[in-house]
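Residue numbers (this note's numbering): 11 to 327.
Spelled out as structure tokens, the structure:
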């Protein structure tokens, strides 16, 4: 909780400070994971690798949902589109380079674990990275893993606060959430949305501390939520894409999301319930706003004032 409060205050001071901190954390994390992969692949003799028969691949489906959580995060870049100086150029490059780098890094770490550790060792399932480091550097492995865990936690919290606060800010600016959440401070930071996100994070941690929700369940719920977002994005892409191959690509991505969703079981009720409640609230809000607009449409003075207010809000935003 202390880390969340400290990061929130840092973000409120401006994006230049938080951006620099995130760059340092990201480079440090990539460097540590690359070192772990190199240690496992090149400093120990490789064990024999084999591919499981196709008939047994279905047995891995229940774990796909949890594995998917490791690949979430790229969608958060879209929440920060206004932070880019040249979003049309920089956003696709950031997505492409980060995706390729992370996939290579994950494959290298996975190969290092599989080639250096025995599948019958219980530590391979519980703490593979710690076990891998312990086989190389001995007792100091615990300290190395602690540093790695701290960097991962701070980097993820920093990025999540940044991205989620911008999403809430944009949603409030468009009128779906209360307008109070779209307030900026003198440094151009949506501080109300920022501290609202921090409060939610602290609340979830508190629920875990008192035993209301377990850590695996939190990961599973977060992973399926991101997966549903990807599925909805695939639907939107199919509707807006031009050309058969683009639509086919969107349909293929949507079908893959459906296959992975099957691994979550009853937990899928949680995001579906949130989606239904959100759609109902948005529909009620639009209906209420439409009724007000219909009543005021007969008054030209009121209509002009309303249009001027909307233009002023856009200029302020």
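Here a beta-carbon is modelled for each residue, glycine too, at the ideal position from N, C-alpha and C. These numbers were taken from a predicted model, which means no experiment stands behind them.
Secondary structure of residue 101 (DSSP, three-state): helix. Taking the CA atoms as reference points, residue 214 sits about 43 angstroms from residue 253.
Non-local C-beta neighbours of residue 177 in its own chain, meaning closer than 7 angstroms and more than five positions away in sequence, comprise 89, ordered along the chain.
Just so you know, the alpha carbons of residue 23 and residue 265 end up roughly 43 angstroms apart. The segment 198–211 and the segment 162–182 touch, with no fewer than 3 CB-CB distances between them shorter than 8 angstroms.
In the displayed model, residue 24 falls within coil according to three-state DSSP, outside both helix and strand.
Residue 196 sits in coil when the DSSP states are folded into three classes, being neither helix nor strand. Excluding residues up to 5 positions away in sequence, 202 lie with their Cβ nearer than 7 angstroms to the Cβ of residue 190 in the same chain. With a cut-off of 8 angstroms on Cβ pairs, the segment 24–33 is not in contact with the segment 179–187, counting fewer than three such pairs. Contact between residue 93 and residue 196 does not hold, since their C-beta atoms are separated by about 17 angstroms, which reaches or exceeds 8 angstroms.
Judged by DSSP in its simplified three-state form, residue 11 adopts coil rather than helix or strand. Two segments are said to touch when three or more pairs of C-beta atoms, one from each, lie closer than 8 angstroms; by this definition the segment 229–247 touches the segment 266–275. Rounded to the nearest whole angstrom, the CA to CA distance from residue 188 to residue 180 is 11 angstroms. Where residue 130 is concerned, there is no enclosing alpha helix (DSSP H), because DSSP gives it neither an H nor an E. Contact between residue 122 and residue 51 is confirmed by a C-beta separation of about 5 angstroms, below the 8 angstroms threshold. With respect to residue 161, residue 35 sits close: the two C-beta atoms are nearer than 7 angstroms.
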